[in-house]
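A.B. asks:
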Amino acid sequence: MRLLEAEAALISDLKDESELIGEMRLPAFSVVTARHPTLGRLVIIVAPDGTGAVVEVSE
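In this text, residue positions in the sequence shown follow full-length UniProt numbering: the first is 1, and each later residue adds one.
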């Protein structure tokens, strides 16, 4: 499992390239689960300004 800090452009690209599995919106942040074609399962945490973190989840 890897945890990476991500800028808004990277988060946007990963969301566009991935198959969305689920999304939860909270007042302080959003959480997206997705399956990327080369990176595999991802958990993407997005702050209101678009920045956030990406967790690559091992199969």
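Where is the CB? At the ideal position from N, CA and C, for every residue including glycine.
Between the region 1–12 and the region 22–31, do three or more beta carbon pairs fall short of 8 Å?
C.D. replies: no
A.B. asks: Which whole-angstrom value is the C-beta distance of residue 42 and residue 55, which I expect to be below 8 Å?
C.D. replies: Residue 42 sits at position 42 when you count from the first residue of the sequence shown. Residue 55 sits at position 55 when you count from the first residue of the sequence shown. So it is a contact: roughly 7 Å between Cβ atoms.
A.B. asks: Is residue 30 helix, strand or coil by DSSP?
C.D. replies: The residue labelled residue 30 in the question sits at position 30 within the sequence shown. The answer is strand: DSSP assigns residue 30 an E or B state.
A.B. asks: Would a C-beta distance cut-off of 8 Å place residue 12 and residue 35 closer than the cut-off?
C.D. replies: As a working mapping, residue 12 is identified with position 12 in the sequence shown. As a working mapping, residue 35 is identified with position 35 in the sequence shown. Not closer than 8 Å, so no.
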